[in-house]
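Undergrad: Take this structure, written in structure tokens, and hold onto it; I'll ask about it next.
Protein chains in written order, with this note's numbering: chain C, 443 to 685; chain X, 205 to 435.
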């Protein structure tokens, strides 16, 4: 489980996150929704350590991520996988080398064992047989899937996805959603997805947090989202035309 | 300082260093060869043009060209060119990784990104750039000999006689000190500008330009400083 305790983040005089408290349960698809520019991505960056919160704590299963020593921090990070909005695949490496990357860096697996693990991960995302292709040679949807394969190459406990469906057609978008859901359930990981795609929310979401102007405006179960009684959230859902 | 922390996996860093040695060393060999040969040839012709006098023996031309190549032309001109070629490549490669979130991906994985990206390039530069400078010294002299023979100004024997007469091992040591200093400047300045890139494609270009300009200025400044201190 990941817990956020009173997270504040400011850039100069501008306060982006204004005291976020939240819990993300293990084995569930936790969705963070909200309009662009309200702090979703900054919150995720604070959670994975790409930004340091001005104050507050990020707790990974009783480990205070924001106050760990550098080496301890690196140990926790090995348990984290992240799918970036632009996939962030290493473009000088092949698909196989991308997925193999963390295995090479952090395990003592033999090349044969690494190859087996890479093949397993690529099969999980339904992308077998593209090992020797470079990221520039595959489509956006394929890159997303390879990004997921890379994220799960190590036995991760936490999976972060920043706008996993951005720039994808509806069919591929649905495939990615289903993939994230099945991986979360199969590997019993804590998945956190930043999105403003309400179809994703209703299709695969378990718990939802609605971020508005840097605050946790509403949180609860997906099934309760339409009856939340929160005007801002209702407006957001109506605007997405999925109510 | 994070760049110099213990590597996550030494073998991976060694592999990356060898790859970078190939990129920096072998990748720059052609341009270094061309520059060195022409540099030596042109210097020979110009020195001969300025020293036309029955009172000056022809081997003096070989002596001046060989010393100039070793002390200044081969290390400094070669490294100014490498600042453009290698420096811009390093800055744009790392800068592109920064703006496309690849460096963020490394950080999230728990990898020391500055160490992983910059350290192999610095070590590779420190190994390969002095090698390129030594090659450049030899080829400058070869260019000088060729130009002398081709123009009939002096024979290769006269050139070599002058070069041998004025050769001091300390000059070669001085050239290598310069080469190591410039290699460090090129790789660190370029890595820094690439790593601190923010924005998009436009900023990657700006970082690349800054890397070349700052490296060149730092090379010229340290050239003066080293000459003042060591000669």
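Where is the CB? At the ideal position from N, CA and C, for every residue including glycine.
Between the alpha carbons of residue 480(C) and residue 488(C), how many angstroms are there, rounded?
TA: Whole-angstrom Cα-Cα distance: 14 angstroms.
Undergrad: Could you tell me which residues DSSP puts in a beta bridge with residue 500(C)?
TA: DSSP, once it has assigned bridges, lists 446(C) as partnering residue 500(C).
Undergrad: What ranges does the alpha helix (DSSP H) occupy inside the segment 266-337 of chain X, keeping only unbroken runs of at least 4 residues that lie completely in it?
TA: Segments of the alpha helix (DSSP H) lying fully in the segment 266-337 of chain X: 282-286, 292-303 and 306-312.
Undergrad: CB-CB under 8 angstroms to residue 312(X), same chain, minus the five flanking residues each way: which ones, in chain order?
TA: Nothing meets the Cβ criterion.
Undergrad: Which runs of the beta strand (DSSP E) at least 3 residues long sit entirely within the segment 460-541 of chain C? Give them in chain order.
TA: Whole beta strand (DSSP E) segments, 3+ residues: 471-475, 497-502 and 522-525.
Undergrad: Report the option in 399(X), 373(X) and 227(X) whose CA atom is closest to the CA atom of residue 296(X).
TA: It is 399(X).
Undergrad: Out of 215(X), 259(X), 228(X) and 213(X), which one is the CA nearest neighbour of residue 325(X)?
TA: That would be 228(X), whose Cα lies nearest to the Cα of residue 325(X).
Undergrad: Counting C-beta neighbours from all protein chains within 10 Å, is the total for residue 403(X) 16 or more, i.e. buried, or is it exposed?
TA: Per the 10 Å Cβ criterion, exposed.
Undergrad: What in chain X is Cβ-close to residue 520(C), meaning under 9 angstroms?
TA: In chain order: 313 and 314.
Undergrad: Using a C-beta cutoff of 8 angstroms, does residue 492(C) count as contacting chain X?
TA: It does: the Cβ of residue 492(C) has a partner Cβ on chain X nearer than 8 angstroms.
Undergrad: The ligand COA heavy atoms versus the CB of residue 404(X): any closer than 7 angstroms?
TA: The ligand COA is not part of this structure, which contains no ligands at all.
Undergrad: Taking CB distances under 8 angstroms as the criterion, tell me whether residue 452(C) reaches chain X.
TA: Not one chain X Cβ lies under 8 angstroms of residue 452(C).
Undergrad: Buried or exposed: where does residue 553(C) fall if 16 or more other Cβ atoms within 10 Å of its Cβ makes it buried?
TA: It counts as exposed.
Undergrad: For residue 513(C), count the other beta carbons within 10 Å of its own beta carbon; 16 or more makes it buried, fewer makes it exposed. Which is it?
TA: Label assigned to residue 513(C): exposed.
Undergrad: Under a CB-based cut-off of 8 angstroms, is residue 412(X) close to chain C?
TA: Answer no: the Cβ-Cβ gap between residue 412(X) and chain C never drops below 8 angstroms.
Undergrad: Taking Cβ to Cβ, would you say residue 607(C) is nearer than 8 angstroms to residue 637(C)?
TA: Yes, they are a contact pair.
Undergrad: Who are the near neighbours of residue 591(C) in its chain, counting only those whose CB is closer than 6 angstroms to its CB and skipping five residues on each side?
TA: So the qualifying residues of the chain are 541, 563, 564 and 567.
Undergrad: At a Cβ threshold of 8 angstroms, is residue 532(C) touching chain X?
TA: Closer than 8 angstroms: yes.
Undergrad: Anything in the segment 208-225 of chain X with a Cβ closer than 7 angstroms to a Cβ of chain C? List those residues in chain order, please.
TA: Those residues of the segment 208-225 of chain X that come within reach of chain C (Cβ to Cβ, closer than 7 angstroms) are 212, 213 and 216.
Undergrad: Roughly how many whole angstroms lie between the Cα atoms of residue 375(X) and residue 433(X)?
TA: Taking the straight line from one Cα to the other gives about 14 angstroms.
Undergrad: Using the beta-carbon count (16 or more within 10 Å), is residue 685(C) buried or exposed?
TA: The predicted model places residue 685(C) with a pLDDT of 45, which falls under 50 and marks its position as unreliable; any figure quoted below should be read in that light. Under this definition residue 685(C) is an exposed residue.
Undergrad: Taking 8 angstroms as the CB-CB cut-off, is residue 306(X) touching chain C?
TA: By this cut-off, residue 306(X) is an interface position.
Undergrad: Would you call the segment 601-619 of chain C in contact with the segment 444-457 of chain C, where contact means no fewer than 3 C-beta pairs closer than 8 angstroms?
TA: With the cut-off at 8 angstroms, the segment 601-619 of chain C and the segment 444-457 of chain C do not touch.
Undergrad: Using only the alpha-carbon positions, how far apart do residue 517(C) and residue 320(X) sit?
TA: Each residue's alpha carbon lies about 17 angstroms from the other.
Undergrad: Taking all protein chains shown into account, do 16 or more other C-beta atoms lie within 10 angstroms of the C-beta of residue 226(X), making it buried, or fewer, making it exposed?
TA: Residue 226(X) should be labelled exposed.
Undergrad: Using 8 angstroms as the threshold, is the segment 463-483 of chain C in touch with the segment 638-658 of chain C, meaning 3 or more CB pairs across them?
TA: Flag = yes, the segment 463-483 of chain C and the segment 638-658 of chain C touch.
Undergrad: Taking contact to mean 3 or more Cβ pairs, one atom from each stretch, closer than 8 angstroms, check whether the segment 230-244 of chain X and the segment 328-348 of chain X are in contact.
TA: Segments in contact, yes.
Undergrad: Could you list the residues in the segment 454-469 of chain C with a C-beta less than 8 angstroms from some C-beta on chain X, going in chain order?
TA: Hits within the stretch: zero.
Undergrad: Please determine if the segment 350-358 of chain X and the segment 247-257 of chain X are in contact, where contact requires at least 3 C-beta pairs separated by less than 8 angstroms.
TA: Yes: the two stretches touch, three or more of their Cβ pairs being nearer than 8 angstroms.
Undergrad: Please tell me whether residue 526(C) has its Cβ less than 8 angstroms away from any Cβ of chain X.
TA: Output row for residue 526(C): interface = yes.
Undergrad: What does DSSP give as the partner residues of residue 649(C) in its beta bridges?
TA: Residue 649(C) is bridged to 472(C) and 663(C).
Undergrad: Within the continuous alpha helix (DSSP H) that includes residue 604(C), where are the two ends?
TA: It is not in any alpha helix (DSSP H) - residue 604(C) instead sits in the beta strand (DSSP E) that spans 600-604.
Undergrad: Please identify the residue among 305(X), 259(X), 373(X) and 298(X) whose C-alpha is closest to the C-alpha of residue 415(X).
TA: Ranking the options by Cα distance to residue 415(X), first place goes to 298(X).
Undergrad: If we require 4 or more residues per run, which alpha helix (DSSP H) segments fall completely within the segment 556-617 of chain C?
TA: DSSP runs (the alpha helix (DSSP H)) wholly in the segment 556-617 of chain C: 582-593.
Undergrad: Residues of chain B with CB closer than 8 angstroms to the CB of residue 546(C), please, in chain order.
TA: Absent from the structure: chain B. Protein chains present are C and X.
Undergrad: Residue range of the beta strand (DSSP E) that residue 359(X) falls in?
TA: Segment: none, residue 359(X) is in no beta strand (DSSP E) and carries neither H nor E.
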